[in-house]
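*Asks:* Residue numbering for the sequence shown is 62 to 336, as defined by my numbering.
Here it is, the structure in full.
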Amino acid sequence: MCAGCGRSVRWHLRSGPHASFRCPPVRCSCRLRLDRPRPHLPGPASGYGFLNLNSDIGEGASDDEAILACIDSANIACGVHAGSATLTIATAMRCRTLGVEVGAHPGYDDRAGFGRVERSLSAAEIEALIAFQVASMAAVTRIAYIKPHGALYHRCQRDGAAADALARVAKNHGVGVMGQPGFEILAAAERARLPVYREGFADRLMLPDGSLAPRSQAGAVLNPSLAAQQAVSLARSGRYDTICVHGDTKGAGQIASAVRAALREAGIETAPLAG
62 MCAGCGRSVR
72 WHLRSGPHAS
82 FRCPPVRCSC
92 RLRLDRPRPH
102 LPGPASGYGF
112 LNLNSDIGEG
122 ASDDEAILAC
132 IDSANIACGV
142 HAGSATLTIA
152 TAMRCRTLGV
162 EVGAHPGYDD
172 RAGFGRVERS
182 LSAAEIEALI
192 AFQVASMAAV
202 TRIAYIKPHG
212 ALYHRCQRDG
222 AAADALARVA
232 KNHGVGVMGQ
242 PGFEILAAAE
252 RARLPVYREG
262 FADRLMLPDG
272 SLAPRSQAGA
282 VLNPSLAAQQ
292 AVSLARSGRY
302 DTICVHGDTK
312 GAGQIASAVR
322 AALREAGIET
332 APLAG
């Protein structure tokens with residue numbers, strides 16, 4: 062039942078991206094939060110759970126169109142760590158056409174390092190940097206959540222002050238935060254009473270604490286077959302709401318397609334996060 066209007070809500074599932082449905086699992090038709098938690102998928106074909114498939118795009122990679130055919134949610138670069146204002150707008154418009162949910166993907170002003178080099182910024186400077194990028198994205202399209210990019214993502218994972226800065230921006234826009242469970246990034250979002258989306262990664266080797274192995278480590282980037290297997294394993298664990306395929310990984314389109322096919326074969330449904 063909806064905590065606001067008392068109307069019952071049916072769980073609508075779908076077997077592939079971009080299919081039409083009336084009521085996403087986290088919202089009712091009146092767009093109020095439900096009085097019960099969103100269910101997490103304990104295993105395939107559970108009958109009520111769902112998962113989300115996301116990707117970082119709009120960064121200038123060539124596989125964006127192939128990826129968009131496979132995902133539910135797109136983390137669109139805001140034109141700072143990569144891409145451009147023109148590419149951000151075009152990608153947002155393409156997502157609108159395809160019915161793909163959009164999240165803002167802000168990063169450090171580090172084009173040379175693709176946003177992967179840490180910057181010595183204060184929490185206030187980080188908040189301003191994120192706010193600038195998210196406001197630009199929100200001016201173009203409706204956003205459902207914020208997911209930082211690269212080194213900024215990892216900074217928000219380990220640094221509570223940076224994570225709180227991110228949460229303040231998300232709260233100002235009334236959106237959720239996407240990040241890995243067990244780190245400061247989601248703890249800050251929970252303190253701010255924001256929607257929290259627990260993220261796992263299909264195409265990267267994950268360490269025991271849930272963090273990602275450095276790209277420089279042998280075997281850190283998985284091939285399509287291994288990525289598909291890992292995606293199904295992560296989905297069945299029940300620890301994640303969404304699984305990411307990096308758009309800048311070599312062969313990202315093939316990886317996204319393999320992951321989508323493996324989830325479907327395992328009977329695992331996917332849907333947007335916020336509707």
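Glycine included, every Cβ here is placed at the ideal spot set by N, Cα and C.
Compare the C-alpha of Ser123 against each of Ala200, Gly308 and Ser298 and name the closest.
*Replies:* Stepping through the sequence shown from its first residue, residue 123 is reached at position 62. When only C-alpha atoms are compared, the closest one is Gly308.
*Asks:* Measuring alpha carbon to alpha carbon, tell me which residue in Glu245, Leu266 and Ala135 is nearest Leu213.
*Replies:* Stepping through the sequence shown from its first residue, residue 213 is reached at position 152. The residue with the shortest Cα to Cα distance from Leu213 is Glu245.
*Asks:* Can you tell me which of Gly314, Asn136 and Ala223 puts its alpha carbon nearest to the alpha carbon of Pro167?
*Replies:* In the sequence shown, the residue the question calls residue 167 occupies position 106. Of Gly314, Asn136 and Ala223, the residue nearest in Cα terms is Asn136.
*Asks:* DSSP beta-bridge partners for Arg3?
*Replies:* Only positions 62 to 336 of the chain appear in the structure, and residue 3 is not among them; the question remains open.
*Asks:* Where do the N-terminal and C-terminal ends of the beta strand (DSSP E) with Ser116 fall, by residue?
*Replies:* As a working note, residue 116 is residue 55 in the sequence shown. Counting along the chain, the beta strand (DSSP E) containing Ser116 begins and ends at Asn113 to Ile118.
*Asks:* Between the beta-carbon of Tyr301 and the beta-carbon of Arg259, is there less than 8 Å?
*Replies:* As a working note, residue 301 is residue 240 in the sequence shown. As a working note, residue 259 is residue 198 in the sequence shown. Against a cut-off of 8 Å, the Cβ pair of Arg259 and Tyr301 comes out as a contact.
*Asks:* Mapping the DSSP letters down to three states, classify Gly67 as helix, strand or coil.
*Replies:* The residue labelled residue 67 in the question sits at position 6 within the sequence shown. Only weak support exists for where Gly67 lies, its pLDDT of 35 falling under 50; the value from the coordinates is given anyway. Looking at Gly67 - three-state DSSP - the assignment turns out to be coil, as it is neither helix nor strand.
*Asks:* If you measure between the beta carbons of Val163 and Ile207, is that distance less than 8 Å?
*Replies:* Against the sequence shown, residue 163 aligns to sequence position 102. Against the sequence shown, residue 207 aligns to sequence position 146. No.
*Asks:* Starting from Thr303, trace the beta strand (DSSP E) in both directions and tell me its first and last residue.
*Replies:* Residue mapping note: residue 303 aligns to position 242 of the sequence shown, counting from 1. Element bounds for Thr303: Thr303 to His307.
*Asks:* How far does the alpha helix (DSSP H) with Ala135 in it reach, from first residue to last?
*Replies:* Against the sequence shown, residue 135 aligns to sequence position 74. Premise fails: Ala135 lies in the beta strand (DSSP E), Ser134 to Ala138, not in any alpha helix (DSSP H).
*Asks:* Do Gly314 and Ala153 count as a contact pair if the criterion is CB distance below 8 Å?
*Replies:* What you label residue 153 is simply residue 92 of the sequence shown in a count that begins at 1. What you label residue 314 is simply residue 253 of the sequence shown in a count that begins at 1. Contact flag unset, no.
*Asks:* To the nearest angstrom, how far is it from the Cα of Asn384 to the Cα of Ala143?
*Replies:* It is not possible to answer for residue 384, since the shown part of the chain is limited to 62 through 336.
*Asks:* How would you call Val141, buried or exposed, if buried means at least 16 neighbouring beta carbons within 10 angstroms?
*Replies:* Walking along the sequence shown from the start, residue 141 turns up at place 80. The residue is buried, with at least 16 neighbouring Cβ atoms inside 10 Å.
*Asks:* Look up Thr310 in the DSSP assignment and say whether it is helix, strand or coil.
*Replies:* For the purposes of this step, residue 310 is taken as residue 249 along the sequence shown, with counting starting at 1. Coil, per DSSP.
*Asks:* Less than 8 Å between the C-beta atoms of Arg18 and Glu188, yes or no?
*Replies:* As displayed, the chain neither begins before 62 nor continues past 336, which places residue 18 out of reach and without an answer.
*Asks:* Note down the Cα distance separating Thr331 from Val320, rounded to an integer number of angstroms.
*Replies:* By 1-based counting over the sequence shown, the position of residue 331 is 270. By 1-based counting over the sequence shown, the position of residue 320 is 259. Those two C-alpha atoms are separated by around 12 Å.
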